Each structure stands twice: as structure tokens, then as C-alpha cells.
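Chemist: Using the working numbering, you'd call the opening residue of the sequence shown number 88 and step up by one each time.
Glycine included, every Cβ here is placed at the ideal spot set by N, Cα and C.
Keep in mind the model is a prediction, meaning the values are calculated, not measured.
The structure is given below, and queries will be raised subsequently.
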Amino acid sequence: MADPQFTGLLLYDGDCPFCSAASTAVRRLESVGVVPWDDPAAQEFLAAQFGDTPFALFFVDIEADTVWAGRAAATELCKRAGLPVLVRDIVDESYERVADAVQFVSGTDREIDPYHDAYPLSDDAAALFDTLATAGTRTHSPDA
């Protein structure tokens, strides 16, 4: 079987129930893979994009030359997965409250960095996309 060809990647905290739930939303999206936030390829990509490795949910689309972060990433994933507008609006409006609640319940002491916008994909980060995509896995079953 050939390696998956992703044009979009979700970088998420695999220990976070909310982020893991967001990763399941991409099951409907064959061209989107997932990469754990702490994967070395993800860390290198984030450093190239932001000059740091912010801790948040990120969605990268090489074809759109865009990186969505935090609330914007969750909302973009809902949109692409074809979820109803009501769900997208709830995710957008409740993202920080849900993230805070999950952080409290899961007992993690790591603060989520305040990145919540769409950012142009930097040239340095774009150059690392293929390496990042190699670290990606599918969350959907092609036969489903």
C-alpha cells in the first residue's frame, strides 16, 4: 500500500480528549491526516511557522497555504467535515471554555497558547510539509 498523500494535517495533543475528538472529525476527509503535537516533525514545523512551538490545535492545508490555530482550526475542521452550521457556531463560541474544562478535568498543567486565527503558511514551514505529512496517519477507514 502506498504512503497516504495528505494535503491537510491536524496537529493535536493526543492526551487531550477534546483534541482527540477533533481528530475524529477528519474521518470524513480522505486528504487530511493527523500528527501528534509532540511528534518531532510537528515540533519542527511549528518552530518554522511561528518561531516557537505553541501548544494548541493546528490545521495545516498546503493547497490553501494556510495554518489555522485553536478555535479557527476546530471551526475549519467542522466546516470541511460538513458538520451543520449550528455545530460550527457552537465549536467557535465555546472552544476556549471547552478547552479550559478539558484541561481541568484531565489534570494537565500545560497552558494552551492563545493562537486562534488563520495564518499564511510561511515558506520555511511549507518546505517541511512533506516531512510532516510523512508523520501523518489517517483517522478514517477508506472502506467506510
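Is the beta carbon of Y206 closer than 9 Å to that of V121?
Modeler: no
Chemist: Out of P127, D126, F93 and A143, which has the shortest C-alpha to C-alpha gap to D204?
Modeler: A143
Chemist: At the level of alpha carbons, what is the spacing between Q92 and S118?
Modeler: Their Cα atoms are separated by approximately 7 Å.
Chemist: Whole angstroms are fine: how far does the CA of L133 sit from the CA of G95?
Modeler: 15 Å
Chemist: Give the DSSP-derived three-state secondary structure of F216 in the structure shown.
Modeler: helix
Chemist: Can you check DSSP and say which residues form a bridge with V154?
Modeler: V147 and Y206.
Chemist: Helix, strand or coil for P123 per DSSP?
Modeler: Three-state result, P123: strand.
Chemist: Quick check: the Cα distance between D230 and A161, rounded to an integer number of angstroms?
Modeler: Interpretation of D230 is limited by its pLDDT of 48, a score under 50 that renders its predicted location unreliable; the figure taken from the coordinates is listed afterwards. Each residue's Cα considered, the two are about 25 Å apart.
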